[in-house]
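S.K.: The structure is given below, and queries will be raised subsequently.
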């Protein structure tokens with residue numbers, strides 16, 4: 001009787017262990033696939049390789065940690081409903097349109113009227129943040145970048161330090177700087 005009970009316990013333990021491993025692997029795989037599949041398919045449709053998709057997601061994750069935003073497309077972050085951030089693939093001059101025009105980067109080829117645009121790279125390149133509504137926008141960059149103020153004529157943008165104090169302002173729209181130091185700028189108040 002003892003031997004039969006021991007075999008039952010051993011069989012039961014193996015079955016439970018197998019079930020647990022299968023279940024946990026299924027959850028891990030479903031979780032990982034579910035978290036990235038909509039964005040991975042967008043990236044694939046945009047012609048990105050697996051390596052490029054991974055690099056882009058790493059860049060997006062870094063910005064998410066800095067801004068507290070929410071990823072809404074393969075290369076787009078919602079910045080709390082105030083604006084969107086369009087993330088350029090590392091090594092590329094401009095963000096790609098991976099939403100087939102569903103989300104418009106107003107800083108893409110020319111800055112749309114009414115917008116202040118901040119760029120992570122000099123000469124209006126790299127990741128962009130189009131700012132339209134009058135608000136304070138977080139700047140997550142510490143290297144040189146650029147900006148264009150194409151808001152209504154005379155609208156002045158303020159550049160704020162880490163304490164939220166305005167340390168400089170532009171001359172008002174229309175103005176720009178193709179090689180601007182972001183290292184001290186933590187926020188831009190576009191109006």
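In my numbering, the protein residues as written are 1 to 191.
Glycine included, each C-beta is placed from N, C-alpha and C at the ideal position.
In three-state terms, what does DSSP make of residue 188?
M.R.: Here residue 188 sits in strand by DSSP.
S.K.: Under the DSSP definition of a beta bridge, which residues are partnered with residue 175?
M.R.: Answer is 149, bridged to residue 175.
S.K.: When the Cα of residue 107 is compared with those of 140, 67, 146 and 181, which residue comes out closest?
M.R.: For residue 107, the nearest C-alpha among the options comes from 146.
S.K.: In this structure, does DSSP put residue 192 in helix, strand or coil?
M.R.: In this structure the chain extends from 1 to 191, so residue 192 is not present and cannot be described.
S.K.: Going by beta carbon distance, what residues of the same chain come within less than 6 angstroms of residue 127, once the five residues before and after it are set aside?
M.R.: Closer than 6 angstroms at the Cβ level, and outside the excluded window around residue 127, lie 87, 88 and 120.
S.K.: In whole angstroms, what separates the C-alpha of residue 171 from that of residue 96?
M.R.: About 31 angstroms.
S.K.: Report yes if the CB atom of residue 151 is closer than 8 angstroms to the CB atom of residue 116, and no otherwise.
M.R.: In contact: residue 151 and residue 116 (Cβ atoms closer than 8 angstroms).
S.K.: Count the other CB atoms, across all protein chains shown, that sit within 10 Å of the CB of residue 163; report buried if there are 16 or more and exposed otherwise.
M.R.: Exposed: under 16 other Cβ atoms inside 10 Å.
S.K.: Name the DSSP bridge partner or partners of residue 181?
M.R.: Looking at the DSSP assignment, residue 181 forms a beta bridge with 144.
S.K.: Whose CA, out of 125, 82 and 56, lies closest to the CA of residue 68?
M.R.: It is 82 whose Cα lies nearest to the Cα of residue 68.
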